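Enquirer: Sequential numbering of the sequence shown, starting at 4, is according to our numbering. All residues carry an ideal CB built from backbone N, CA and C; glycine is no exception. Given the structure is predicted, the values throughout are model-derived calculations rather than measurements.
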Amino acid sequence: MDISQYKIDNEPFYDAQSNEIELYEAAYDARLPVMVKGPTGCGKSRFVEHMAWKLGKPIITVSCNEDITASDLVGRYLLDANGTRWVDGPLTMAARYGAICYLDEIVEARQDTMVVIHALTDHRRELSLDKKGELIKAHPDFQLVISYNPGYQSLMKDLKQSTKQRFCALDFDYADAETEAHILQKEGGVDDATAKKLVQIGETARNLKGHGLDEGISTRLMVYAATLINKGITPVEACKMALVRPITDDADIRETLDNAIEMIF
Ligand code: ADP
4 MDISQYKIDN EPFYDAQSNE IELYEAAYDA RLPVMVKGPT GCGKSRFVEH
54 MAWKLGKPII TVSCNEDITA SDLVGRYLLD ANGTRWVDGP LTMAARYGAI
104 CYLDEIVEAR QDTMVVIHAL TDHRRELSLD KKGELIKAHP DFQLVISYNP
154 GYQSLMKDLK QSTKQRFCAL DFDYADAETE AHILQKEGGV DDATAKKLVQ
204 IGETARNLKG HGLDEGISTR LMVYAATLIN KGITPVEACK MALVRPITDD
254 ADIRETLDNA IEMIF
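Listed below in structure tokens is the structure:
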């Protein structure tokens with residue numbers, strides 16, 4: 004197994020929101036498990052990729068969903084022509100060979116699945132492969148990082164305190180206007196004036212959160228709008244396509260946002 008294939012060669016562009024880079028470096032130095040919290044598309048995954056690159060460590064990412072089982076993370080026996088063969092799951096690979104394991108949108112996974120991470124996140128730093136009868140002591144470079152969107156939590160879907168209290172946490176939100184405009188220029192290739200107008204539309208939509216919108220427009224969608232504009236689509240069309248249609252089917256909210264777009268551009 005060549006773990007270096009999980010290393011990131013080129014610097015992922017990342018504009019810091021605050022002092023999160025410094026805080027993460029300290030946490031990694033102590034190999035503390037980290038939780039990155041915030042709304043979808045605000046830069047959590049990009050931040051973790053950037054940190055893996057900066058620290059020169061491989062990163063293995065798992066996008067969690069409700070069908071993920073402990074075996075999907077840990078590994079399983081597979082049947083092939085020569086009989087059965089053990090295959091490490093992503094979590095086991097990261098622990099065995101020394102990578103950052105990033106479990107994205109952890110709340111989506113069933114709670115019982117999460118129990119497998121417990122022994123890896125305390126002083127034991129070990130992972131028990133019950134089916135294989137092997138106990139792995141985590142590699143010194145191993146670190147566990149999870150992302151968590153507090154907006155999604157409900158009584159049924161939330162992390163247990165016993166899981167939450169194994170992580171230190173960094174709060175993320177949409178970047179401030181100036182930073183977000185810079186991100187749109189770098190990622191979407193638009194000029195400063197267009198980027199600022201997009202940010203203005205984003206702010207309008209974010210003010211509607213809780214008044215008909217479950218969540219504001221993400222930086223990710225704003226990058227899409229910028230990209231479409233960069234491809235020659237008119238700003239109004241690009242914004243409708245990337246910023247409004249994906250997030251709501253409510254006719255009134257669509258009209259409000261469409262009007263705002265037409266006024267701003
Ligand atoms: P999350 O993991 O929070 O859902 P991502 O990290 O995937 O969101 O961010 C979505 C996109 O937004 C990224 O692909 C990137 O283009 C852009 N982005 C958001 N925040 C930043 C940032 N601080 N620096 C650079 N790009 C960012």
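1) Helix, strand or coil for isoleucine 250, going by three-state DSSP, please let me know.
2) Using the C-alpha atoms, what's the distance from arginine 248 back to alanine 229?
3) Using a Cβ-based criterion (distance less than 6 Å to any ligand heavy atom), does cysteine 45 qualify as near ligand 1?
4) I'd like the list of long-range same chain contacts for lysine 163, defined as Cβ closer than 7 Å, with 5 residues on each side in sequence excluded.
5) Inspect the beta-carbon positions of alanine 245 and lysine 40 and report whether they are closer than 7 Å.
6) Quick check for students: name the residue ranges of the alpha helix (DSSP H) that lie wholly in the segment 28-66, counting only runs of 4 or more.
7) Would you please state the rounded distance, in angstroms, between the beta carbons of threonine 251 and leucine 216? I believe it to be under 8 Å.
8) Note down the Cα distance separating valine 90 from isoleucine 232, rounded to an integer number of angstroms.
9) Would you kindly check if the distance between the Cβ of alanine 29 and the Cβ of valine 37 is under 7 Å?
10) Any Cβ of chain C within less than 7 Å of the Cβ of proline 153?
11) For tyrosine 227, count neighbouring C-beta atoms within 10 Å of its own C-beta (all shown protein chains included) and say buried if the count is 16 or more, exposed if not.
12) Who are alanine 172's beta bridge partners in DSSP?
13) Do valine 118 and leucine 76 have their C-beta atoms closer together than 7 Å?
14) What did DSSP end up calling glycine 86 once you bin it into helix, strand or coil?
15) Which partner residues does tyrosine 105 have in the DSSP bridge list?
16) I want to know whether the segment 195-211 touches the segment 176-187 - three or more CB-CB distances under 8 Å.
17) Nearest to methionine 96 by alpha carbon, out of Phe50, Ile139, Cys67, Glu181?
18) If you draw a straight line from the alpha carbon of proline 61 to that of glycine 101, how long is it in whole angstroms?
19) Report all residues from its chain with a CB closer than 6 Å to the CB of glutamate 190; omit the five preceding and five following residues, and keep chain order.
20) May I have a chain-ordered list of the alpha helix (DSSP H) segments no shorter than 4 residues that lie completely inside the segment 198-241?
21) Would you kindly check if the distance between the Cβ of tyrosine 27 and the Cβ of arginine 49 is under 7 Å?
22) Using DSSP's beta-bridge definition, name the partner residues of tyrosine 80.
23) Looking at the structure shown, is leucine 187 part of a helix, part of a strand, or coil, going by DSSP?
24) Quick check: the Cα distance between phenylalanine 268 and serine 150, rounded to an integer number of angstroms?
25) So, helix, strand or coil for isoleucine 71, using DSSP?
26) Any idea which residues DSSP pairs glutamate 137 with across the strands?
27) Check leucine 162 in the structure and name its three-state DSSP category.
Expert: Let's see:
1) coil
2) 15 Å
3) Within the cutoff, so yes.
4) Gln114
5) No; because the gap between Cβ atoms is not below 7 Å, this pair is not in contact.
6) If only complete runs of 4 or more residues are kept, the segment 28-66 shows the alpha helix (DSSP H) at 47-58, in order along the chain.
7) 6 Å
8) 45 Å
9) no
10) Here chain C cannot be found, since the structure has a single protein chain.
11) Answer is buried; the Cβ neighbour count reaches 16.
12) Met38
13) In terms of Cβ geometry, valine 118 and leucine 76 do not form a close pair [threshold 7 Å].
14) When secondary structure is reduced to three states using DSSP, glycine 86 falls in the strand class.
15) Thr64, Val148
16) yes
17) That would be Ile139, whose Cα lies nearest to the Cα of methionine 96.
18) 8 Å
19) Here the set comprises Val226.
20) 222-233
21) no
22) Trp89
23) helix
24) 35 Å
25) coil
26) Looking at the DSSP output, glutamate 137 bridges to Leu132.
27) DSSP, read as helix, strand or coil, puts leucine 162 in coil.
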